[in-house]
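K.L.:
Each residue of the sequence shown is one higher than the last, beginning at 3 in our numbering.
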Amino acid sequence: MGCHTDSPNLKVKPRSKKERHGCIQLEVECYGGGLWHTWFDRDLGISGRVLVRDTNSGMISQKLVKIDQPVARVSTLCIHLQTAEERSAFKVNKEDHVCPIVGSQQKVLEKESEAQLNDWQKGHEPLLLKAIAEKAGVTVEQIADMELNLYDLQPAAVGGLSSEFLYSARLDNLASVFCGVEALVAHSADETIMAHDEDICLLAGFDHEEVGSQSAQGAGAPIMMEAVRRISSAMSENPGSLDPDLYSCCIRKSFVLSVDQAHAIHPNYASKHQSAHAPKLNDGVVIKANANQRYSTNGVTGFFVRELARMANLPIQEFVVRNDCPCGSTIGPIISAKTGIRTVDVGMPQLSMHSCREMMGTADLTHGLELFKTYFKNFRAVDNNLEG
C-alpha cells in the first residue's frame, strides 16, 4: 500500500528574517498547490526539524520541534482599502501577500543579542531562534540549521448536525496514512491470519507528492524497487544473493494499492463533476480512473478493488474527471512505471482539497479502514482466482 505524507503549506525560507513598517515577519515559501487564500487570518504555529551541534563533541543531532502557540498570522487587507476590482476577486501574490507577522519591532536590548550569532543565524529573527531553542532544549548558539513549516493550530473537529463530517487540516493525505497504518497493524496482530499469510504486506509513505515526487523521499525514488529487490534476496535459496527469476516472480505477483484522497462532488459546484462519476461524502471509497494515465487504474486492477469491496460488503464509488477539466495525479502512475507492479488508485472522498482546512465524511474513514484490512487479508485469494 502506498500513500503520500505531505500537504501544501508555508515553509520558512533559509534566510527568513524580514522587518517592515514596525512589524517582524517571516519569509516563507509556498509548498505545493495550496489554496493560499485559506491561510489568511488563521492562527499559525511552527513545527519542523532542527540540527543541533553538541558543544563538546561537535556532533550534529536532529530534534523535532513544535511551537503549538499562535505565533504567526497572515492578515488580509481590510475591505476599506481595496478597490472595487480587488473586492470582486481575492487574488494572492505569493511573494508579497503571504509573509506572516510574528511580532512588532524588537527592543534595543533584544537587538544586542544578535552580536552572539553567526552569519547563518543572523539570517533569522532572533526571537524565532530563541523560541526554537527553548522548544528543542538547547541554546541558540547550538542551532546549526533548521527546516520549519507553518501549520494551522485549530484542532480537528467532528461536525454536521448528525456529527457525520470531519473537519481538519491535511486530510489529504494523512487520513489515508492513518487508515493504512491502522489496517496494517490490525492485520499483523491477527495470529490466525499471519500463520497462513503467503504475502509480505507493507505500507510506504512518500514525501513530495504535492510537487511531483521527484526526490530521494518521493515515489520517483528507487525505494520501492529496492524494497522488492531486498525482500526477494532475503527469500532466495542463497540469502544475500538475488535470483533473477525469483525477483521477476515477485514483481509479477505484487500489487500496489495507491491511496490518495478523492474529489467528492460539491453541492455548490456540481457541474464540475461528470454526473455518472460523482462521489459523495460518506458513500464509500472511490476508484479513480483516467484513460490518459493520470491515474494507474485499469480494468484488471480496478476489478481487484471492486471484488474486495464485494467480499467485505462495502460500498464503492467511481471517479473520472470531465473531459473539459484538468485531472490531478498521484503516486500510482509513478510507482507503476518505475516498478512494473500492478497498481490501482483509490481514495476516500473529501471537499476543500488543498485548503488550510479540509472536510470529509466520518463514515468513509470506516469504509477505508475496512477496505484496507480486507485488501491485506484477501488479496491473494482474489489474485489466485484471476486467470492470466
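C-beta atoms are modelled at their ideal positions from N, C-alpha and C, and glycine is treated no differently. Keep in mind it's a predicted model, so treat the numbers as computed, not measured.
(1) Quick one: what's got a C-beta closer than 7 angstroms to cysteine 70's C-beta in the same chain, skipping five residues either side?
(2) Does the segment 146-153 come close enough to the segment 221-240 to have 3 or more Cβ pairs within less than 8 angstroms?
(3) Count the CB pairs spanning the segment 289-302 and the segment 363-377 that are closer than 8 angstroms, and state whether there are at least three.
(4) My output table needs one value for glutamate 2: the three-state DSSP class, helix, strand or coil.
(5) Among Asp385, Gly363, Phe374 and Ala383, which one has its Cα closest to the Cα of leucine 163?
(6) Compute the Euclidean distance between the alpha carbons of glycine 242 and tyrosine 249, then round it to the nearest angstrom.
(7) Please name the residue or residues paired with serine 351 in a DSSP beta bridge.
(8) Let me check one thing: in DSSP terms, what residues is lysine 290 bridge-paired to?
(9) By alpha-carbon positions, which one of Ala177, Pro351, His198 and Glu87 ends up nearest to phenylalanine 321?
(10) Which residues share a DSSP beta bridge with alanine 74?
(11) Rounded to whole angstroms, how far is the Cβ of leucine 244 from the Cβ of serine 256, which I believe are closer than 8 angstroms?
(12) Going by DSSP, what residue range makes up the alpha helix (DSSP H) through phenylalanine 381?
(13) Does the segment 131-145 come close enough to the segment 305-316 that 3 or more CB-CB pairs lie under 8 angstroms?
(14) For histidine 6, which beta-bridge partners are listed by DSSP?
(15) Classify lysine 379 as buried or exposed, calling it buried when 16 or more other Cβ atoms lie within 10 Å of its own Cβ.
(16) Measure the CB-CB distance between arginine 296 and glycine 349 and report whether it falls below 8 angstroms.
P.N.:
Let's see:
(1) Strictly speaking, residue 70 in this sequence is aspartate, with cysteine absent from that position. Answer for aspartate 70: Gly47 and Leu155, listed in chain order.
(2) The segment 146-153 is not in contact with the segment 221-240.
(3) Touching, no.
(4) Nothing about residue 2 can be reported from this structure: the residues present for the chain run from 3 to 390 only.
(5) Shortest Cα-Cα distance from leucine 163 to any of Asp385, Gly363, Phe374 and Ala383 involves Gly363.
(6) The alpha-carbon atoms of glycine 242 and tyrosine 249 are separated by roughly 13 angstroms.
(7) This sequence places proline at residue 351; serine is not what is there. Per DSSP, Ala264.
(8) In DSSP, lysine 290 forms a bridge with Phe321 and Asp347.
(9) It is Pro351.
(10) DSSP lists Leu46 as the bridge partner or partners of alanine 74.
(11) Contact doesn't hold; Cβ gap of about 16 angstroms is too wide.
(12) Note, phenylalanine 381: alpha helix (DSSP H), 364-386.
(13) No, they do not touch.
(14) DSSP output for histidine 6 lists Phe208 as bridge partner(s).
(15) Buried, because 16 or more other Cβ atoms sit within 10 Å of the Cβ of lysine 379.
(16) Result no, Cβ atoms of arginine 296 and glycine 349 do not sit closer than 8 angstroms.
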